[in-house]
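Novice: One structure coming up, written as structure tokens, with questions to follow.
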Amino acid sequence: MIASTLAVAEKVLVMFLIMSVGYICYKKRIITSRGAAQLTDLLLYIVGPCLIIAALQADSEGVSTGKILLTILLFLAGMIVVAAAMQLLFRGQPRARAGMLRYGAVYSNCGFMGLPLAQSILGDAGVVYASACVVAFNLLTWTHGYIVLGGAGEDSKQMLKKALLNPGTIGFAVGLPLYALSIPLPGPLIQTLDSIGAMNTPLAMIVVGTYLAKLRLRDVVSDRGVCLVTALRLVAVPVAFLLLLCLLRPDPVVMVTTALLMAAPVGMNSVLFAIKLGNDTQLACKMIALSTLLSIFTMPAIAVMAQKLASLP
17 MIASTLAVAE
27 KVLVMFLIMS
37 VGYICYKKRI
47 ITSRGAAQLT
57 DLLLYIVGPC
67 LIIAALQADS
77 EGVSTGKILL
87 TILLFLAGMI
97 VVAAAMQLLF
107 RGQPRARAGM
117 LRYGAVYSNC
127 GFMGLPLAQS
137 ILGDAGVVYA
147 SACVVAFNLL
157 TWTHGYIVLG
167 GAGEDSKQML
177 KKALLNPGTI
187 GFAVGLPLYA
197 LSIPLPGPLI
207 QTLDSIGAMN
217 TPLAMIVVGT
227 YLAKLRLRDV
237 VSDRGVCLVT
247 ALRLVAVPVA
257 FLLLLCLLRP
267 DPVVMVTTAL
277 LMAAPVGMNS
287 VLFAIKLGND
297 TQLACKMIAL
307 STLLSIFTMP
317 AIAVMAQKLA
327 SLP
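With the working numbering, the residue at position 190 of the sequence shown is 206, and numbering never jumps.
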């Protein structure tokens, strides 16, 4: 138990140290806000899809198309249940603020934080199942999530298009048929995808570090709504989801991966949507900052709990 905890904590510590590099680079103006936005685009449009396709090309023991589809359904169902429960909270808040707080409690940073940690702990199989979770996340965040934040007036066809035609989903749609049909890509192409995909964790953590550098901790912890969302996102939601998984008993790697991504801090999309819809970007940044800082301690704990409950070494 102690060895497993230390192993996970060590991986999270490495991610935190890389995050610190992003923090320092932003403070020293080595990376500007524009630079951080460009790195985010590089991650979303190039690195992420390459990582997903490369992982689906790897010979991951125990991975199957059925388990991948089950992972999508499990993660999607989990988020839907959480979204329904969050409608009961924050009713005394102004509508825009309540929507942002609910979004933060439901939608995790499963791509930037969850996927790199799944890759570190579980290898290529973790990347495959984590990618499936990201597909489920994208389907819901561009529909329900967008509406919760005030995008109800947007054309439903446009929302569905964004839910289906985004970089993560496209990468998954390219990689899954190749995997299911056992079609290998040429060696040089695989090496290229592997090399680009290897940038995912360091780049993602550097970007997260730049976001943390924009806020003062005192302003963050003084907001009670932010503190409540952080407690829900990092503790209540993943623990409840993990207990549900114990009843369903899916494949151990699927169980650990989905629990891990459900335990990730508040998603970056909260800021992106807030900018697009004219919502409170400061509130979004506060939720991301506090939950990301505390996830350094909570995500290893959830990962170890999931590994033990799934009987995964």
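Glycine residues also receive a C-beta, built at the ideal position from the N, C-alpha and C atoms.
List the residues that DSSP assigns as beta-bridge partners of SER124.
Specialist: Reading the sequence shown from its first residue, position 108 is the one you call residue 124. Beta-bridge pairing links SER124 to VAL282.
Novice: Answer with buried or exposed for LYS302, where buried requires no fewer than 16 other C-beta atoms within 10 angstroms of its C-beta.
Specialist: For the purposes of this step, residue 302 is identified with residue 286 of the sequence shown, where counting begins at 1. Looking at its Cβ environment, which holds 16 or more other Cβ atoms inside 10 Å, LYS302 is buried.
Novice: Please classify MET17: does DSSP put it in a helix, a strand, or coil?
Specialist: If you number the sequence shown from 1, residue 17 lands on position 1. Confidence is the limiting factor: at MET17 the pLDDT is only 49, short of 50, which leaves the residue's position unreliable, though a coordinate-based value still follows. Three-state DSSP puts MET17 in coil, outside helix and strand.
Novice: Using the C-alpha atoms, what's the distance from SER238 back to LEU89?
Specialist: As a working note, residue 89 is residue 73 in the sequence shown. As a working note, residue 238 is residue 222 in the sequence shown. Between LEU89 and SER238, the C-alpha separation is close to 37 Å.
Novice: Report yes if the C-beta distance between VAL28 and PRO316 is below 7 Å; otherwise report no.
Specialist: Start at 1 with the first residue of the sequence shown, and residue 28 comes out as number 12. Start at 1 with the first residue of the sequence shown, and residue 316 comes out as number 300. A contact, by the Cβ cut-off of 7 Å.
Novice: So for ARG111, helix, strand or coil by DSSP?
Specialist: Your numbering for residue 111 matches position 95 in the sequence shown. Residue state, collapsed to three classes: helix.
Novice: Here's the rule I'm using: 16 or more other beta-carbon atoms within 10 Å means buried, otherwise exposed. How should CYS262 be labelled?
Specialist: If you number the sequence shown from 1, residue 262 lands on position 246. With fewer than 16 Cβ atoms within 10 Å of its Cβ, CYS262 is classed as exposed.
Novice: Would you check if the region 268–286 and the region 140–156 touch, i.e. whether three or more CB-CB distances between them fall below 8 Å?
Specialist: Segments in contact, yes.
Novice: May I have the straight-line CA-CA distance separating ARG249 from ILE312, to the nearest angstrom?
Specialist: Residue mapping note: residue 249 aligns to position 233 of the sequence shown, counting from 1. Residue mapping note: residue 312 aligns to position 296 of the sequence shown, counting from 1. So the alpha carbons of these two residues sit roughly 13 Å apart.
Novice: Using the Cβ count rule (16 or more neighbours within 10 Å means buried), how would you classify CYS190?
Specialist: For the purposes of this step, residue 190 is identified with residue 174 of the sequence shown, where counting begins at 1. Reading the sequence as shown, one finds Val at residue 190 and not Cys. Under this definition VAL190 is an exposed residue.
Novice: Can you name, in chain order, every residue of its own chain whose Cβ lies under 6 Å from the Cβ of MET17, other than the five neighbours on each side?
Specialist: For the purposes of this step, residue 17 is identified with residue 1 of the sequence shown, where counting begins at 1. Because the pLDDT of MET17 is 49, which lies under 50, any placement of that residue in the model is unreliable, and the number read from its coordinates should be weighed accordingly. Excluding sequence neighbours, MET17 sits near nothing in its chain.
Novice: Along the chain, where does the alpha helix (DSSP H) containing SER265 start, and where does it finish?
Specialist: Working through the sequence shown from its first residue, we reach residue 265 at position 249. Just to set this straight, residue 265 is Arg in the shown sequence, not Ser. Here ARG265 belongs to no alpha helix (DSSP H), and DSSP marks it neither H nor E.
Novice: State the start and end residues of the unbroken alpha helix (DSSP H) segment that holds SER49.
Specialist: Locating residue 49 in the sequence shown gives position 33, counting from the first residue. SER49 -> alpha helix (DSSP H) spans 49–58.
Novice: If you drop the 5 nearest sequence neighbours on each side, which residues of the same chain put their C-beta closer than 6 Å to that of LEU165?
Specialist: Within the sequence shown, numbered from 1, the residue matching residue 165 stands at position 149. Closer than 6 Å at Cβ, skipping near neighbours: GLY115, TYR119, PHE289, LEU293, ASN295.
Novice: Please determine if the region 195–206 and the region 72–87 are in contact, where contact requires at least 3 C-beta pairs separated by less than 8 Å.
Specialist: Result yes; three or more Cβ-Cβ pairs closer than 8 Å.
Novice: What number of angstroms, rounded off, separates the C-alpha of PHE153 from the C-alpha of ALA93?
Specialist: Within the sequence shown, the letter at position 137 stands for residue 153. Within the sequence shown, the letter at position 77 stands for residue 93. Computed Cα separation, rounded: 10 Å.
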